[in-house]
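In full-length UniProt numbering, the protein residues as written are 1 to 67.
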């Protein structure tokens, strides 16, 4: 199993810019830890929300904006 983040605009439009990280992780915890460190740079790159994928299955989605 591989874990990865899908980057999205508000409303779910998928972003596929070459300058966005294409990281994969061996565990959910590793993916979540990485996001905790990198979310600000993703926001600066225009990402509004992310979805955590286990292989191709969406596990959950969340906004990177303020609550």
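By construction, the Cβ of each residue, glycine as well, lies at the ideal position given by its N, Cα and C atoms.
Where the alpha helix (DSSP H) through residue i begins and ends
i, result
"residue 37", "28-44"
Terminal residues of the beta strand (DSSP E) in which residue i lies
i, result
"residue 53", "49-54"
Cβ separation of residue i and residue j, assumed to be a contact under 8 Å, to the nearest whole Å
i, j, result
"residue 35", "residue 50", "7 Å"
"residue 8", "residue 55", "Their Cβ separation, rounded to whole angstroms, is 18 Å, which puts residue 8 and residue 55 out of contact at 8 Å."
"residue 4", "residue 24", "5 Å"
Per DSSP, cross-strand counterpart(s) of residue i
i, result
"residue 8", "14 and 49"
"residue 62", "50"
Between the stretch 58-67 and the stretch 14-21, do at least 3 Cβ pairs fall closer than 8 Å? no
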